[in-house]
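In my numbering, the protein residues as written are 14 to 205. Every residue, glycine too, gets a C-beta built ideally from N, C-alpha and C. Note that the structure is predicted; figures quoted are calculated from it, not measured.
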């Protein structure tokens, strides 16, 4: 993947009329775009194969919103992340497909998970330190995301859409686990 990003970056810079393009910045951006595209295609394929395409998309949206403002664990290698993400998505969708619980219970668990996610808060990473100003901004945005997710779960209760409420609940539960693992991993790295 690095070679593809390298080739695309060289091509982009050679074809660009701007001299302000930074090779490393362009290469990093392209590498991230390629990785996101690959993971998205894999996630959509898994969702489709499990017959849970809509719920797979919802999981990706909900999880991405949480991840953007609360962080979590970051693996060292792209393929490790891809395999783990695929396994987690598959597990969540299989559970949501075969073990739906009443939406009222899902809603109650969403409220509890929301509180726990908020308490743990945004996670620092060795590659992305969070300043105190950023932490305040991330907390505020995290509150909006959590309120949106709890509202979505409540909508599942109102519409008697058990699976919708359950996918929100599962997403928040999985995210909280990822958040705790990330916090513990980063605390160990900071101690070294």
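Those residues which DSSP pairs with residue i across a bridge
{"i": "residue 138", "result": "141"}
Residue i: first and last residue of the uninterrupted alpha helix (DSSP H) it sits in
{"i": "residue 133", "result": "116-133"}
Backbone secondary structure at residue i - three-state DSSP
{"i": "residue 27", "result": "helix"}
{"i": "residue 52", "result": "helix"}
{"i": "residue 14", "result": "coil"}
{"i": "residue 33", "result": "coil"}
{"i": "residue 173", "result": "coil"}
Query raised in the report: Does the pairing of the stretch 124-139 with the stretch 177-185 give three or more beta-carbon distances under 8 angstroms?
Result: yes
Query - Uninterrupted alpha helix (DSSP H) stretches inside the stretch 59-125 (no shorter than 4 residues) - result: 66-83 and 91-111
Requested in this report: Give a yes or no on contact between the stretch 96-106 and the stretch 153-171, applying the rule of three or more CB pairs nearer than 8 angstroms.
Outcome: no
Report task. Determine, using beta-carbon pairs with one atom in the stretch 101-110 and one in the stretch 161-171, whether at least three such pairs fall under 8 angstroms. Result -> no
Query raised in the report: How about the stretch 130-145 and the stretch 106-120: do they share at least three Cβ pairs that are nearer than 8 angstroms?
Result: no
Query raised in the report: Do the stretch 73-83 and the stretch 36-45 touch if we need at least three Cβ pairs shorter than 8 angstroms?
Result: no
Query raised in the report: Which whole runs of the alpha helix (DSSP H) in the stretch 145-194 are 4 residues long or more, in chain order?
Result: 145-171
**Report entry** the stretch 55-75 in contact with the stretch 171-180 per 3-pair CB rule at 8 angstroms
**Finding:** yes
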